[in-house]
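Taking it in order: structure first as structure tokens, then the write-up.
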């Protein structure tokens, strides 16, 4: 496990081969769904992306899974984070879009300018996180850039 401080100091920690604890496994989404990103949502549930099937999933503490399709088919949802507006935000690798999903499952998508054409992404969006200036920050793998989105409304 690694850590980088705001001053650029890198620390690495060795994880012991044997640890004590409890590991629980839950029913999973369909095989080959391509689980990618995972984050704890503002509702206390875990939210995850399903890259291969174009869905965002939610799993409760009791192991109940609910899946929400994104609006654009075959978009490849990848990274996911909680935004400063209280919604969950995710990247869509193939569609060159940033998506937003509320805790209630309402999905909205935002196309990056000059976005993809016929499943040929121009940006290849990957990681996403909330960051400074109440913004959403994301990586563009193909262009080797970091992008920024500014949510305008709080979650309802």
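Residue numbers (our numbering): 33 to 188. We put the beta carbon where it would ideally sit given N, CA and C, even for glycine. What you are looking at is a predicted structure, and each value in this text was computed from that prediction instead of being measured.
The beta carbon of residue 64 is closer than 6 Å to those of 84 in its chain, skipping five residues each way along the sequence. Within the same chain, 42 come within 6 Å of residue 36 by CB-CB distance, once the 5 residues on both sides are set aside. Taking a contact as a CB-CB distance under 8 Å, the pair residue 103 and residue 139 counts as one, their CB atoms being some 6 Å apart. DSSP lists 168 as the beta-bridge partner residues of residue 162. The C-alpha of residue 106 is placed about 14 Å away from the C-alpha of residue 157.
Taking C-beta atoms under 8 Å as the contact rule, residue 122 and residue 111 qualify, at a distance of about 6 Å. With fewer than 16 other beta carbons inside 10 angstroms of its own, residue 165 counts as exposed. Around the beta carbon of residue 124, a 10 Å sphere encloses 16 or more other beta carbons of the protein chains shown; the residue is thus reported as buried. In this structure, DSSP gives residue 132 an extended state, which the three-state scheme calls strand. Excluding five sequence positions before and after residue 167, the CB atoms of its chain that fall closer than 6 Å to its own CB belong to 180, 182, given in chain order. The Cβ atoms of residue 113 and residue 161 sit closer than 9 Å to each other.
With respect to residue 159, residue 171 sits close: the two C-beta atoms are nearer than 9 Å.
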